[in-house]
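Following: one structure in structure tokens, then a few remarks.
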Amino acid sequence: MTQAMIDQLVGNLKPVPKLRPGHLWGVGVLIIILTAIYVVGRFGVRPEYLAMAHLTFTGNEAVYGKPLLLLWAGVACLWGVARLYRPEGQLGGTVWAFMTAPVILLLLNIARQFAEMGVIESLSRVDDYASQCIITNFFGGLIAFGLLWALWLRKAAPDRPAVFGAMAAVGVACLVAATYSVRCDRDAPTYVLVWYVLPILAAGGVAGLMSRRMLRW
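Here you go:
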């Protein structure tokens, strides 16, 4: 009798589609596209990128380096998310190295800025466009996390939900920030640290607290 009831209940179940890491990257691309539409439509792009349409390229390496560094960090975090979405998932040394490298590069650039300009002059470079950067990088990062949650993340079963959610939020917030940086012409490493990195980490902290309660299985 009991076995018959179990068979009947099991027979009515519908299989749950397998969560695929490839879909995570698709959501990441979607976030970049949506952010680009918003940023270009509302703010435009910085003059150096407009000049590229006429095959005029700037020698300012930060014009290319800032968005690439943020994109690198975002891809690295999402790579980590793709490795940790199951309880048995592990980051591995390669992923750790890929995640750590952009942090080291930013710190080296800050050290170089301090050496060339001094601490006072370097810190004076952090007071422009702050409100726009905070709104885009923090709130845009949280909105991107919400989109990732709706389309992929809520189906995951990580071993450490808070860390997993925070890493996912930092990853998509970096993608948002990388896209927004094609509009922002403030390239000082200290500016990137204060108005890009800190809001991104704050978004990750909020998402981590949310994920601790919401990612239970």
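Residue numbering for the sequence shown follows the working numbering, beginning at 6 and increasing consecutively.
For each residue, glycine too, the CB sits at the ideal point set by N, CA and C.
What you are looking at is a predicted structure, and each value in this text was computed from that prediction instead of being measured.
CA-to-CA distance, Trp154 to Met6, given in whole angstroms:
Since pLDDT at Met6 reaches only 48, below the 50 mark, its modelled position is unreliable, and no value is offered.
Short Cβ contact (8 angstroms threshold) for Ala183 with Pro72
yes
With burial defined as no fewer than 16 other Cβ atoms inside 10 Å of the residue's Cβ, what is the status of Tyr185: buried or exposed?
buried
Does the separation of the CB atoms of Gly79 and Val199 fall below 8 angstroms?
no
Please report the distance separating the alpha-carbon of Ala116 from that of Leu24.
42 angstroms
Determine, using beta carbons only, whether Pro26 and Ala87 come nearer to each other than 8 angstroms.
yes
Selection from Pro194, Thr40, Lys160, Phe169 that minimises the alpha carbon distance to Phe144
Thr40
Near Ala149, what residues of its chain come up, given a Cβ to Cβ distance below 6 angstroms and the 5 sequence neighbours on each side ignored?
Ile36, Val177, Val181
Shortest alpha-carbon distance to Gln137 belongs to which of Val32, Gly31, Val34, Tyr43?
Tyr43
Within a Cβ cutoff of 8 angstroms, which residues of the same chain sit near Gly85, ignoring the five residues on either side of it in sequence?
Leu96, Val100, Met104, Met172, Gly176
Cα-Cα separation, Met215 to Gly146:
14 angstroms
Given this structure, state the Cα-to-Cα distance separating Gly2 from Arg188, to the nearest angstrom.
Residue 2 lies beyond the stretch modelled for the chain, which goes from 6 to 222, so this question has no answer here.
Mapping the DSSP letters down to three states, classify Cys224 as helix, strand or coil.
Any answer about residue 224 is impossible in this case: the structure gives the chain only from 6 up to 222.
Rounded to a whole number of angstroms, what is the C-alpha to C-alpha distance between Gly123 and Arg217?
42 angstroms
Find the nearest neighbour of Thr141 within the set Pro204, Val32, Met57, judged by alpha-carbon distance.
Pro204
8 angstroms CB neighbourhood of Thr63 in its chain, flanking five on each side removed
Glu53, Ala56
Enumerate in chain order the residues of its own chain whose CB-to-CB distance from Trp77 is below 6 angstroms, with the five nearest sequence positions on each side excluded.
Pro107
Could you pull out every residue in the same chain whose Cβ sits closer than 7 angstroms to the Cβ of Ala207, ignoring the five residues on either side in sequence?
Phe143
Please name the residue, chosen from Gly210, Lys160, Cys179, Glu126, that lies closest to Ala193 on a Cα-to-Cα basis.
Glu126
Thinking Phe169 and Leu83 are a contact (beta carbons under 8 angstroms), I'd like their distance in whole angstroms, please.
Incorrect: roughly 12 angstroms between the Cβ atoms, too far for contact.
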